[in-house]
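In this note's numbering, the protein residues as written are 118 to 336.
Down below is the structure, laid out as structure tokens.
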């Protein structure tokens, strides 16, 4: 699984640091002893221990690879990726700000999300066909922990393009070695310790934004 792959790559030449876990109703934060902090979305009814461990692992990975001292690419997905040239776009996980920006530009896509309700969502019965026939996939980083990412890589077309978006996204170029289909990762760096108290108090993406800096890695 992709999380196992990342754990092996990120910590291949370094020990896993001591860390503390801080849980909120929307995000989980991992605070390492060296001060580095990573976050991962935890808004799910899945209480399975393995799933819970993946969330912590993804936050731990993010503490190392989403770091203000590392070099990244342009932060804006909409301004960087020429979506108007893309065909048959599928969004896995409803990323409303991105969807609305695409809509303003006249760019349509199918949207699937089991956790949310919205009139823009496509019928779940169309999911399997959309996975196998889609050309461009815009996905949330939650797909890394719930197994949807690995399923997508396995079932999508050989020439499909995948873009990961969200504050939980591990901005690690190691992921480009996991699959040729992945073209870019748009994530966030925790730039303030206040993010932890905000998460404990139930902050979502919008409330966390003052404590985050957006960035990306592009193949």
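For glycine and all other residues, C-beta sits at the position ideal for the given N, C-alpha and C.
As the structure is a prediction and not an experimental result, all values here were calculated from the model.
The region 264 to 280 and the region 318 to 328 do not touch, with fewer than three beta-carbon pairs separated by less than 8 Å. Counted as a single uninterrupted DSSP element, the beta strand (DSSP E) harbouring residue 147 occupies residues 144 to 149. Per the coordinates, the alpha-carbon of residue 178 lies some 7 Å from the alpha-carbon of residue 123. For residue 316, the uninterrupted alpha helix (DSSP H) run begins and ends at 311 to 317, by DSSP. One thing to note: residue 301 has its Cβ within 9 Å of the Cβ of residue 190. The shortest CA-to-CA distance from residue 235 to any of 172, 224 and 216 is the one to 216. Three or more beta-carbon pairs separated by less than 8 Å link the region 191 to 201 to the region 216 to 227, which places the two stretches in contact. The C-beta distance from residue 303 to residue 282 rounds to 5 Å, short enough to fall under 8 Å. The Cβ neighbour count for residue 242, taken over all protein chains shown within 10 Å, is under 16; the residue is labelled exposed. If you look at residue 247, you'll find it in the alpha helix (DSSP H) that goes 244 to 250.
The C-beta distance from residue 233 to residue 211 rounds to 5 Å, short enough to meet the 8 Å contact threshold. With contacts defined by Cβ atoms closer than 9 Å, residue 156 and residue 334 do not form a contacting pair.
Residue pairing by DSSP places residue 332 opposite 304 in a beta bridge.
C-alpha of residue 251 to C-alpha of residue 324: approximately 33 Å in a straight line. Taking 4 residues as the minimum length, the alpha helix (DSSP H) runs contained wholly in the region 153 to 234 are 166 to 182, 194 to 197 and 213 to 221, in order along the chain. Relative to residue 223, the option among 135, 314 and 204 whose CA is nearest is 204.
When secondary structure is reduced to three states using DSSP, residue 140 falls in the strand class. The alpha-carbon separation between residue 239 and residue 131 amounts to approximately 44 Å.
Fully contained in the region 258 to 287 are the following beta strand (DSSP E) runs of length 3 or more, in chain order: 278 to 282. Beta-bridge pairing by DSSP links residue 254 to 207 and 279.
Only exposed fits residue 150, as fewer than 16 other CB atoms lie within 10 angstroms of its CB. Relative to residue 244, the option among 158, 225, 261 and 269 whose CA is nearest is 269.
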